[in-house]
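*Asks:*
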Amino acid sequence: MAATVIDGKAFAATVRGKVGEHVARLKADHGITPGLAVVLVGEDPASQVYVRSKGKMTVEVGMKSVEHRLDADTSEVDLLALIDQLNNDPEIHGILCQLPLPKHLDEDLVINSISPAKDVDGFHISNVGLLGTGQKSMVPCTPLGCLMMLRDHHGSISGMDAVVVGRSNIVGKPMAQLLLNDSCTVTIAHSRTKDLPDVVRRADIVVAAVGRPEMIPGDWIKEGATVIDVGINRLDAPEKGEGKTKLVGDVHYESCAARAGAITPVPGGVGPMTIACLLANTVTACCRANG
Ligand code: GUN
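The opening residue of the sequence shown carries number 43 in our numbering; numbering runs sequentially from there.
#1: For a test of the three-state rule: what should DSSP assign to D203, helix, strand or coil?
#2: Would S184 be called buried (16 or more neighbouring beta carbons within 10 Å of its own) or exposed?
#3: Rounded to whole angstroms, what's the CA-CA distance from G176 to Y295? Just pull it up for me.
#4: Apply the 10 Å Cβ neighbour rule to K160 and answer buried if 16 or more other Cβ atoms are within range, or exposed otherwise.
#5: What are the boundary residues of the beta strand (DSSP E) that includes T229?
#6: Among residues of its own chain, excluding the 5 on either side of G260, which ones have a beta-carbon nearer than 7 Å to its beta-carbon?
#7: Closer than 8 Å to a non-hydrogen atom of ligand 1 - does that hold for the CB of C28?
#8: Please classify N169: is it buried, with 16 or more other beta-carbons within 10 angstroms of its beta-carbon, or exposed?
#9: Under 8 Å by Cβ, that's how I've got G214 and A251 pegged, so tell me the actual separation to the nearest angstrom.
#10: Along the chain, where does the beta strand (DSSP E) containing A250 start, and where does it finish?
#11: Per DSSP, what are the beta-bridge partners of N129 in this structure?
#12: Could you give the DSSP three-state label for L82: helix, strand or coil?
#13: Got a sec: does ligand 1 put a non-hydrogen atom nearer than 8 Å to the Cβ of D163?
#14: Under a three-way DSSP split, which group does S210 fall into?
#15: I think V290 touches V308, with their Cβ atoms under 8 Å apart; what is that distance to the nearest whole Å?
#16: Using a Cβ-Cβ cutoff of less than 8 Å, which residues in the same chain neighbour T56 once the five nearest sequence positions on both sides are dropped?
#17: With a threshold of 7 Å on Cβ separation, who are the neighbours of V47 within its own chain once the five nearest residues in sequence on each side are excluded?
#18: At what residues does the alpha helix (DSSP H) containing L147 begin and finish?
#19: Which of the three DSSP states is assigned to T316 in this structure?
#20: For ligand 1, is there any heavy atom lying closer than 8 Å to the beta carbon of T316?
#21: Just to confirm my understanding: we take A114, look at its own chain, exclude 5 residues before and 5 after, and list those with CB closer than 7 Å. What are they?
#22: Counting only the same chain and skipping the five closest in sequence on each side, list residues whose C-beta sits under 6 Å from that of V325.
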């Protein structure tokens with residue numbers, strides 16, 4: 043049977059609609075406008091696209107959007123001074139520093155200088171610890187978006203076998219934590235995992251977050267499993283014309299869709315949910331800041 047295609051684009055539009063309603067109520071009832079500050083250091087082209095898209099959607103849901111674009115050679119002292127200023131700005135409820143940062147900047151130091159209450163990425167060590175112990179925290183946006191799609195599709199995922207392929211701090215590890223908190227039996231697989239195909243074949247839920255185009259083929263997928271593809275990889279597509287490219291995920295879509303029960307497409311799956319969750323996290327941060 044053909045897999046159900048989980049429409050992240052439509053789901054994200056619904057989430058943004060709810061965020062917009064919440065923002066309108068905060069304005070009308072309390073005179074508060076949630077504000078999100080995005081900091082971009084350097085000119086990484088992919089980061090520029092993300093930051094533009096985040097800013098546009100922040101404004102679309104009625105929130106205040108502030109963008110700080112800094113030169114690639116910005117010093118750590120200057121970046122930390124900007125973050126300190128944003129930490130102390132009562133009109134800013136969420137701060138996101140786009141990663142990756144240029145090599146001369148200490149990413150951990152920068153992330154941990156953001157006030158945990160304004161850390162809408164959920165990357166601050168306090169939020170990592172709170173999530174790890176099942177306490178109220180800011181939850182990283184991409185894993186949160188994946189979890190929302192899984193809950194929406196399955197209702198409960200309690201007791202399911204989940205395999206997360208990839209162990210990054212941004213996606214793999216927090217994803218595994220969220221699945222565990224939802225009572226899945228969780229395996230984190232990575233480049234050193236032995237018999238990766240067999241590990242993936244055991245999974246009721248596969249979350250692919252390795253950043254390698256079409257790495258997971260259909261014959262690794264258990265019949266009827268749910269496949270969440272976090273990868274966004276740009277490949278040359280000469281068949282579309284000279285110099286053209288296409289986006290593909292970390293799973294080979296056609297062969298995985300032939301075996302899966304449900305699958306997220308690329309584009310139009312996880313990607314839109316990430317930004318929707320960022321907006322939702324900003325409203326959450328604003329509400330917590332205002333009691
Ligand atoms: N770079 C790639 N994904 C992310 C993300 O979710 N947050 C930030 N801050 N940077 C990223």
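Ideal placement from N, C-alpha and C gives every residue a C-beta, glycine not left out.
*Replies:* If we stick to the structure as given:
#1: Here D203 sits in strand by DSSP.
#2: The residue asked about is misnamed: residue 184 is Thr in this sequence, not Ser. T184 comes out buried.
#3: For G176 and Y295, the gap between their C-alpha atoms comes out near 33 Å.
#4: Buried: at least 16 other Cβ atoms inside 10 Å.
#5: It spans T227 to A231 - the beta strand (DSSP E) in which T229 sits, taken as one unbroken run.
#6: Hits under 7 Å: H294, S297, C298, A300 and R301.
#7: Since the first residue shown for the chain is 43 and the last is 333, residue 28 is missing from the structure and cannot be characterised.
#8: Counting the other Cβ atoms within 10 Å of the Cβ of N169 gives 16 or more, which makes it buried.
#9: About 5 Å; that satisfies the 8 Å criterion.
#10: A250 -> beta strand (DSSP E) spans I247 to A250.
#11: The bridge partners DSSP lists for N129 come to none.
#12: In the structure shown, L82 falls within a strand segment according to DSSP collapsed to helix, strand and coil.
#13: With a cutoff of 8 Å, D163 counts as near ligand 1, since its C-beta is closer than that to a heavy atom of the ligand.
#14: Three-state result, S210: coil.
#15: With a beta-carbon spacing of about 6 Å, V290 and V308 fall inside the 8 Å limit used to define contacts.
#16: Residues of the same chain with their beta carbon placed closer than 8 Å to that of T56 are lacking, with the five preceding and five following residues left out of the count.
#17: Closer than 7 Å at Cβ, skipping near neighbours: I305 and P307.
#18: Taken as a continuous stretch (DSSP letters only), L147 belongs to no alpha helix (DSSP H), as it is neither H nor E.
#19: Correct three-state label for T316: helix.
#20: Result yes, Cβ under 8 Å from ligand 1.
#21: Closer than 7 Å at Cβ, skipping near neighbours: V83, G84, E85 and P144.
#22: So the qualifying residues of the chain are V61, H64 and P76.
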